[in-house]
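Peer 1: Protein chains in written order, with our numbering: chain C, 18 to 170; chain X, 98 to 223.
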Amino acid sequence: MSATSSVSATEGIGPDNPAPLVEPPRARSARTPKSTRTNFELYGWVFMRLSGIVLVVLVLGHLLIQLVLDGGVSKVSFAFVAGRWASPFWMAWDLIMLWLAMLHGANGLRTIINDYAQRDGTRFWLKMLLYTATVFTVLLGTLVIFTFDPNIR
Amino acid sequence: MPAGTLYRGREGMWSWVAHRVTGVLIFFFLFVHVLDTALVRVSPEAYDDTIAVYKTPLVAVMEYGLVAAVLFHALNGLRVVAVDFWASGTRYQKQMLWTVVGLWLVLMAGAAYPVLGHAVREVFGS
Ligand code: HEM
Ligand code: HEM
C-alpha cells in the first residue's frame, strides 16, 4: 500500500465509520501456545533487578573481605575458611550469595543464548548445558557449606 | 557484514555491551570458584595448594580484572534499575553512566594496592 492510499484510508473517519482496529503485537489469542501464557519472563525481569540489588552488598562485601581486608588474598587458607564457616552468619551469607549469583547469572545467560543461538537445536542444547551446569554448581556449593568439616584431617 | 552498515550506538549501547560481557565473565569465574572452594571437602592440602595459584602475580592481575568486571557490572546494574524504576531515569541515564564510570575509576584506584601490592613486591623484590 502506498503512502497516498493510507492517507485516503483515514478520510471520513467518524462515529459512523470508525478507524479499523489494529491488534497489538504479540496479543494472546487462541493460537498462542500454552507455554507462553504465564508471566515467567516478567518474574525473571523483576528477579534480575531485586537479586542484583542484594548482590551488590553480598559480592562487594565478599570481595572486600577476601581481597582487601586483613592482608588480602595472601591470608586465604583452609584454616581461614574454617574460621569463617564456624559462624552461621557467614555460612548464610555465602549460601544466599551462591544461590542468588548462580540464578541471576544463569538467567542472564539464558537471555544471551536466546539472543544469539538462532537454530532451534543449538538453542535447546546450549540451554540444557547451562541448566545442568547451574544445578550441579548450586547443589555442590550448598553441600560444601553444610558438610564442611574443620577436622577433616 | 556489508561495509558501512554496522550499527554504532552511543553510551547506552556500549554500556549494554560491557554489562553483558562482564556478566558472562563473572558467571564463568563463579563456576570455577565453587569448584575450587569444594576442595575444602577433599583435604586442607588440596585446598591450600590450589589457593596458592590465587596468590601468584599473574593471577593477581586477573583478580584485578575480576574486580574491574564486578565493580562495573554492579554499578551499571544499579543504573539499569534506576532507569527502569525512577521516573526521570531515562532523562538522566547519560549522567548516571558517567557517575558510574567516575565511581568505578575511584574504586579501581583504591583496589590497586590491596589487590596488586603483593604481586609487585614479589616480582620486583623487597
Ligand atoms: C578473587 C576473588 C575472590 C576470592 C579470593 C574469594 C575467596 C573465597 C573464599 C576463601 C571462600 C570460602 C568461604 C569464605 O571464606 O567465605 C569463598 C566462597 C564463595 N565465594 Fe568467593 N572469592 C572471590 C570472588 C568471588 C566472587 C566475585 C563471587 C561471586 C560472584 C564469589 C562467590 C562465592 C561463593 C558463592 C562462595 C561459597 C562457595 C560454596 O558454597 O562452596 N567469590 N570465596
Ligand atoms: C553485583 C551486583 C549485580 C547487579 C546490581 C546486577 C544487575 C544486573 C541487572 C539489572 C541485569 C539486567 C540487565 C538487563 O535486563 O538489561 C543484569 C544482567 C546480567 N547479570 Fe547481573 N548484576 C549483579 C551481579 C551479577 C553476577 C554476580 C553475575 C554472574 C554470576 C551476573 C551476571 C549477569 C548476566 C550474565 C546478565 C545478563 C546480561 C544481558 O542480558 O545482557 N550479575 N545484572
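Just so you know, even glycine gets a beta-carbon here, dropped at the ideal spot from N, CA and C.
Of the residues C/I70, C/H79 and C/L67, which one's Cα is nearest the Cα of C/T112?
Peer 2: Checking the displayed sequence, the identity of residue 112 of chain C turns out to be Leu instead of Thr. Nearest option by C-alpha distance: C/H79.
Peer 1: Since X/S112 contacts X/L194 with CB under 8 Å, what's their CB separation in whole angstroms?
Peer 2: 5 Å
Peer 1: Quick check on DSSP: helix, strand or coil for C/N168?
Peer 2: coil
Peer 1: Against C/R66, what residues of chain X qualify as contacts under a CB-to-CB distance less than 9 Å, listed in chain order?
Peer 2: G174, V177, V178, D181 and F182
Peer 1: Pick out the complete beta strand (DSSP E) segments inside the segment 115-203 of chain X, 3 residues or longer, and give them in chain order.
Peer 2: none
Peer 1: Could you tell me whether the Cβ atoms of C/L115 and C/S68 are closer together than 8 Å?
Peer 2: no
Peer 1: Give me the Cα-Cα distance between C/I129 and X/G120, rounded to the nearest whole angstrom.
Peer 2: Taking the straight line joining both Cα atoms gives about 10 Å.
Peer 1: Ignoring anything shorter than 4 residues or poking outside the segment 85-146 of chain C, list the alpha helix (DSSP H) runs there in chain order.
Peer 2: The alpha helix (DSSP H) runs lying completely inside the segment 85-146 of chain C and spanning 4 residues or more are 95-101 and 105-133, given in chain order.
Peer 1: Do C/V161 and X/V139 have their CB atoms nearer than 8 Å?
Peer 2: no
Peer 1: Spatial neighbours of C/A103 within its chain, please: C-beta separation below 8 Å, excluding the five flanking residues on both sides.
Peer 2: So the qualifying residues of the chain are P167.
Peer 1: For C/S91 versus X/H130, is the C-beta spacing smaller than 8 Å?
Peer 2: no
Peer 1: Do C/I129 and ligand 2 come close, with the Cβ less than 7 Å from some heavy atom?
Peer 2: yes
Peer 1: Alpha carbon to alpha carbon, how far is C/R140 from C/A123?
Peer 2: Their Cα atoms are separated by approximately 14 Å.
Peer 1: Taking the alpha-carbon positions, what's the X/Y189 to X/G199 distance?
Peer 2: 15 Å
Peer 1: Taking only the alpha-carbon atoms, compute the straight-line gap between C/S19 and C/E28 and give it to the nearest angstrom.
Peer 2: Confidence at C/S19 is low in this model, with a pLDDT of 44, below 50, so the placement of that residue should be treated as unreliable; the coordinate-derived value is given next. If I take the Cα positions, the gap works out to 15 Å.
Peer 1: Can you tell me the Cα-Cα spacing of C/I169 and C/M108, whole angstroms?
Peer 2: Distance between the alpha carbons of C/I169 and C/M108 is about 18 Å.
Peer 1: Quick check on the DSSP output: the alpha helix (DSSP H) that includes C/E58 runs from which residue to which?
Peer 2: F57 to L80
Peer 1: Would you say C/I130 faces chain X, with C-beta separation under 8 Å as the test?
Peer 2: At a cut-off of 8 Å between beta-carbon atoms, C/I130 makes no contact with chain X.
Peer 1: Classify X/L168: buried if its beta carbon has 16 or more other beta carbons within 10 angstroms, exposed otherwise.
Peer 2: buried
Peer 1: For chain X, check one thing: does any of its Cβ atoms lie closer than 8 Å to the Cβ of C/A103?
Peer 2: no
Peer 1: For C/P32 and C/V39, what's the separation of their Cα atoms in angstroms?
Peer 2: Rounded to whole angstroms, C/P32 and C/V39 show a C-alpha spacing of 17 Å.
Peer 1: What does a CB cutoff of less than 8 Å around C/E58 pick up in its chain, not counting 5 residues either side in sequence?
Peer 2: none
Peer 1: With hydrogens ignored, establish whether the beta-carbon of X/G174 is closer than 7 Å to any heavy atom of ligand 2.
Peer 2: yes
Peer 1: Give the secondary structure of C/G29 by DSSP, where H, G and I count as helix, E and B as strand, and everything else as coil.
Peer 2: coil
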